[in-house]
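A quick write-up on the structure given underneath.
Numbering (our numbering), first residue to last: 832 to 1009.
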């Protein structure tokens, strides 16, 4: 029995080295996107970049010609990350029914999103989207932005400019705007 487990170990080790050799010496070596290993997926890269996750994913997506890549972690479902506007429109609008969130995601986000538009599928999503589309039409958004910007300018930015002009001091806008 011990001999069999040693043979199995050597076989698996040989297969791992063969995979690593072929992976580094094939013409697809310049493939863009998240590096995915068998069984462990993108876990090594994820752990290496966990402290800068958003910067890392942005960097990888920018290097992909389609601005889309697959991220795979062990024990989870593979996820597609995209920054392509056509893909985003397809997923969120054109064919939303092809991309259900499923029970796992809905359960994970339940405390945060409840039954809102960002955490539902199917008919409930269609009803909420239709309701939201009336609220977010071009005219209502434009009016909201104009009102908000006007109030912010009059109550916050213009008084700062007035005080600065009265004292003839140089004003560093980064302190006030960012």
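Glycine included, each C-beta is placed from N, C-alpha and C at the ideal position.
Positions of the alpha helix (DSSP H) runs, each at least 4 residues long and wholly inside the segment 939-991, are given as 953-966, 969-983 in order along the chain. In this structure, DSSP gives residue 873 a state outside helix and strand, which the three-state scheme calls coil.
When DSSP states are grouped into helix, strand and coil, residue 900 belongs to the strand group. In terms of Cβ geometry, residue 876 and residue 863 do not form a close pair [threshold 8 Å]. Between residue 932 and residue 917 a beta carbon distance of about 21 Å is seen, past the 8 Å cut, so the two are scored as non-contacting. Looking at the backbone, the Cα of residue 878 and that of residue 889 are separated by about 16 Å. Leaving aside the five residues that flank residue 996 on each side, none in its chain has a CB nearer than 7 Å to its CB. When DSSP states are grouped into helix, strand and coil, residue 884 belongs to the helix group. Under DSSP, residue 936 forms no beta bridge with any residue. Pairing residue 892 with residue 898 gives a Cβ-Cβ distance under 8 Å. Only residues of its own chain outside the window of five on either side were considered, and among them 956, 959, 960, 963 have a CB closer than 7 Å to the CB of residue 948, listed in chain order. Comparing C-alpha distances from residue 873 to each of 844, 975, 904 shows the shortest one belongs to 904. An exposed status is given to residue 845, since fewer than 16 other beta-carbon atoms sit within 10 Å of its beta-carbon. The C-alpha of residue 999 lies about 25 Å from the C-alpha of residue 981.
For residue 901 against residue 911, the beta-carbon gap comes to about 6 Å, under 8 Å, which counts as contact.
The bridge partners DSSP lists for residue 892 come to none. Per the coordinates, the alpha-carbon of residue 992 lies some 13 Å from the alpha-carbon of residue 1005. The C-beta distance from residue 950 to residue 941 rounds to 7 Å, short enough to fall under 8 Å.
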